[in-house]
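2 protein chains.
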Amino acid sequence: MLMLQSPLTRKLAAYVALSGADLETLARLHRRRRSFQSGHELIHEGQGRASAFILSEGWAYSYKLLPDGGRQIVDFHIPGDFLGLRSILFRTADHSIEAITRIEATEVLAPDILDAFAEAPRLATAVLWAASRDEAVVVEHLVNVGRRSAEERMAHFLLELGARLALVGAGDRTGFDCPLTQYHLADALGLSAVHVNRVLRHLREEGLVTFRNGRVDFDDFDRLKKVAAFDTGYLDQDGPLLR
Amino acid sequence: MLMLQSPLTRKLAAYVALSGADLETLARLHRRRRSFQSGHELIHEGQGRASAFILSEGWAYSYKLLPDGGRQIVDFHIPGDFLGLRSILFRTADHSIEAITRIEATEVLAPDILDAFAEAPRLATAVLWAASRDEAVVVEHLVNVGRRSAEERMAHFLLELGARLALVGAGDRTGFDCPLTQYHLADALGLSAVHVNRVLRHLREEGLVTFRNGRVDFDDFDRLKKVAAFDTGYLDQDGPLLR
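Listed in order, the protein sequences are those of chains A and B.
Just so we're aligned, residue 1 is where the first sequence starts under UniProt numbering, counting upward by one.
Just so we're aligned, residue 1 is where the second sequence starts under UniProt numbering, counting upward by one.
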């Protein structure tokens, strides 16, 4: 029953009603506990034989560096997320992952995944669902950078984080604790730090959302959703679908 | 043995050495053959109970429409690709998919995936690998739009298509047949059609690549790779990894 408390279990339960055997298999994936300091690089782009991790506490981010030194942040990771699942399936990691806060995670190796899938095919479907959801989030980040104005993309991004955190019990309609800096936001949203600052001030002055002292407060959740044209459909998290 | 010829089988074989049982399971996924005309919408954003498809011939593309009528093309799909795998796992489709050419595909329903995973866990891992590769491609499109110049992103995009087509036997270092229009390129790369035209002319005049009459010719493959800083690592397609 303890496993029902793990953020990954809680997240997968939004998709599939997990059986006792599924939960046991999932528990075995949580064997190798690790702690990392803020700033620790868990996975380095180009690295072979990388491990994957299941994040249980803290925040991390995945990114790619460009030859000219530019950085594109692909996504932020919160409890319940896989870190570097692609890296254990691929020959070499195609992106880097770094801890933003101190984190608690469990290390997962490629054979663990194969064993888990052989034991629990429904769990395999749930992991594919979680990977698909990660992809849907990256797709929205592409739409953010490609098609949304600076304010729309900031609003969309903060609402997305809030919805993802709510699924694992770390946020609600009032807001969430957020360790990100303006540099993180800038490199995720394709804006400069100065621009991020201006956009956040504008959203605050409009009475929509306030990001200050490590906390995001949704001052007017419904109006913010309208500004961002935010629809949670792509997060697919409204209660177990597969029973 | 016929299944060895299917583009999906060929693609998955880049990751996993498929057993006879895996191949039989894969063959059963290819039961419901469908043909669609160019322009047919296979999946519509927001649609419930969508089917997924395995593309065996022709090209399609996935996209999202914005409230203001803007379109962000997320990816183009070629033989061997899943279309809308997320749509059968999710309650509602989070994106739309349309045929660019006449296509041949097989329809896959959610229970087919569950059954296939229960029968062949290695195949489950291979499908997760293919989904991860799709995600890695979307990540590169995010880097394209977020961090690369118009010429770098065009060069990167054409090299990526070439590498993906080569994996299923439809392209090589000299180039590939390409049914895309400048409007497709514009909406994928976050450029205007006029800008696409200018960038393509510049790349052609530089002796790097020529896109004309439905054909992309790599005039100087190695120099083009340098311009794009293109590294195929994220496509993870250099021979079976898992034996």
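We put the CB at the ideal spot given by N, CA and C, even for glycine.
So what's residue i in DSSP terms, helix, strand or just coil?
i      : result
B/Y15  : coil
A/V168 : coil
A/D134 : helix
A/Q5   : helix
B/F230 : coil
B/G175 : strand
A/R31  : coil
B/D222 : helix
B/R212 : strand
B/D217 : strand
A/Q182 : helix
A/E206 : coil
B/G190 : coil
B/D236 : coil
Comparing C-alpha positions only, which one of the options sits nearest to residue i?
i                      : options                        : result
B/I113                 : A/R102, A/W129, A/E119, A/L114 : A/W129
B/R215                 : B/K226, B/L224, B/L161         : B/L161
A/L26                  : A/G39, A/R10, A/G207           : A/R10
B/F218                 : B/G175, B/P121, B/H195, B/L189 : B/G175
B/F82                  : B/H95, B/I88, B/S62, B/L55     : B/L55
residue 245 of chain B : B/R34, B/L109, B/L235, B/L85   : Any answer about residue 245 of chain B is impossible in this case: the structure gives chain B only from 1 up to 243.
A/I103                 : A/H184, A/A60, A/H141, A/D238  : A/A60
B/E24                  : B/R201, B/F117, B/R34, B/F36   : B/F117
B/F53                  : B/L203, B/V139, B/H30          : B/H30
A/L159                 : A/L203, A/G80, A/D94, A/L18    : A/L203
A/R147                 : B/K225, B/R148, B/D187, B/V138 : B/D187
A/Q182                 : A/A193, A/D172, A/R173         : A/A193
A/L8                   : A/D231, A/N213, A/G169         : A/G169
residue 255 of chain B : B/L18, B/F221, B/P79, B/S38    : Residue coverage of chain B in this structure runs from 1 to 243, which leaves residue 255 of chain B outside it and unanswerable.
B/V209                 : B/F76, B/S38, B/E151           : B/E151
A/K225                 : B/P67, B/V137, B/H184          : B/P67
A/L207                 : A/R223, A/N213, A/E107         : Just to set this straight, residue 207 of chain A is Gly in the shown sequence, not Leu. Nearest C-alpha to A/G207: A/R223.
A/R212                 : A/D231, A/D177, A/G70          : A/D177
B/L191                 : B/P111, B/R71, B/D22           : B/R71
B/L65                  : A/V139, A/L123, A/D22, A/H77   : A/V139
Does the Cβ-Cβ distance between residue i and residue j come in under 8 Å?
i      : j      : result
A/V16  : A/T125 : yes
B/S132 : A/L42  : no
B/P121 : A/P179 : no
A/L109 : A/S35  : no
A/T101 : A/G46  : no
A/R86  : B/E119 : no
A/H40  : A/A105 : no
B/A155 : B/V227 : yes
A/R153 : A/L200 : no
B/L142 : A/H141 : yes
Quick one: is residue i near chain A, going by C-beta distance under 8 Å?
i      : result
B/K64  : yes
B/A228 : no
B/T174 : no
B/N59  : Looking at the sequence shown, residue 59 of chain B is not Asn but Trp. Not closer than 8 Å to any Cβ of chain A, the Cβ of B/W59 fails to qualify, so no.
B/R243 : Confidence is the limiting factor: at B/R243 the pLDDT is only 42, short of 50, which leaves the residue's position unreliable, though a coordinate-based value still follows. False, the Cβ-Cβ gap to chain A never drops below 8 Å.
B/G233 : yes
B/T181 : no
B/R28  : no
B/A118 : yes
B/G162 : no
B/V199 : no
B/L42  : no
B/G190 : yes
B/L128 : yes
B/T9   : no
B/T210 : no
Does the CB of residue i have a neighbour CB from chain B at under 8 Å?
i                      : result
A/D236                 : yes
A/F90                  : yes
A/R86                  : yes
A/A14                  : no
A/Q72                  : yes
A/V108                 : no
A/V143                 : yes
A/V216                 : no
A/D134                 : yes
A/P111                 : no
A/M1                   : With a pLDDT of 40 at A/M1, under the threshold of 50, the modelled position of that residue is not reliable, and no figure is offered here.
A/H156                 : no
residue 312 of chain A : There is no way to answer for residue 312 of chain A, as the model of chain A reaches only from 1 to 243.
A/D94                  : yes
A/P67                  : yes
A/G80                  : no
A/V196                 : no
A/G46                  : yes
Heavy atom of the ligand MN less than 7 Å from the Cβ of residue i, yes or no?
i     : result
A/A27 : Looking at this structure, you won't find the ligand MN or any other ligand, since it has none at all.
So within the UniProt domain "Cyclic nucleotide-binding" (34-110) of chain B, which uninterrupted beta strand (DSSP E) runs reach at least 3 residues, ignoring any that extend past its ends? The UniProt domain "Cyclic nucleotide-binding" (34-110) of chain B contains these whole beta strand (DSSP E) runs: 41-43, 52-57, 60-65, 71-77, 96-99, 103-108.
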